[in-house]
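Numbering (full-length UniProt numbering), first residue to last: 1 to 181.
No residue lacks a Cβ here, since even glycine has one placed at the ideal position from N, Cα and C.
If you're wondering where the values come from, they're calculated on a predicted model, not measured in any experiment.
So the structure is just underneath, and the comments pick up after that.
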């Protein structure tokens, strides 16, 4: 927080706010034992969304620096003939989407693979992991396509085994259904 220019008094207040927290689970009216909570941000507090934004700012800054991804693409031997846009990371609290545009769906999937790995590396560096169940791929294209006709993306799966994510015709984000048209 200090690196972001936040005053020391607020950093100290935040440390106090997040320290010595406990929680218990209540299931079917039975209360469990109180246990220490050593990570995360308390839900329900007006300050929690602000702290979440500060926490996630670093990953957003990585995607503002398009050169980072361009360099990785070039170092991986990926040729980018289709002049893609920057990779955009769109976030709402802990839900996010990666977006790139070019004239080639194949180029898009290769760039998204590099970008996804960048996000996964950052999450790991801060003690988090992506929700592998919620990963989805959708192509928006002027060309009419059928399910399975679009390129898929291969991402790291469980135990490091590759997982193929196929392009879908419809996805849901923040309760809104999006389709490929």
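Please state whether the Cβ-Cβ distance between residue i and residue j is less than 9 Å.
i, j, result
"residue 127", "residue 39", "yes"
"residue 150", "residue 112", "no"
"residue 173", "residue 95", "yes"
"residue 132", "residue 158", "yes"
"residue 120", "residue 156", "yes"
"residue 56", "residue 91", "yes"
Going along the chain, which residues of its own chain have a beta-carbon closer than 8 Å to the beta-carbon of residue i, five neighbours each way excluded?
i, result
"residue 34", "22, 23 and 24"
Can you tell me where the beta strand (DSSP E) with residue i in it begins and where it stops?
i, result
"residue 106", "Unbroken run through residue 106 is the alpha helix (DSSP H), 105-125; no beta strand (DSSP E)."
"residue 162", "162-165"
"residue 135", "Note, residue 135: premise wrong, no beta strand (DSSP E); not H, not E."
"residue 95", "95-99"
Kindly give me the distance between the Cβ atoms of residue i and residue j, rounded to whole angstroms, as I take these residues to be in contact under 8 Å.
i, j, result
"residue 108", "residue 139", "7 Å"
"residue 48", "residue 41", "5 Å"
Provide the residue span of the alpha helix (DSSP H) that contains residue i, from first to last.
i, result
"residue 12", "8-18"
"residue 57", "48-64"
Give every residue of the same chain whose Cβ lies closer than 6 Å to the Cβ of residue i, excluding the five residues on either side of it in the sequence, and list them in chain order.
i, result
"residue 171", "136, 138 and 178"
"residue 17", "none"
"residue 31", "24"
How would you label residue i, buried or exposed, when you count the other beta carbons within 10 angstroms and need 16 or more for buried?
i, result
"residue 167", "buried"
"residue 89", "buried"
"residue 2", "exposed"
"residue 123", "exposed"
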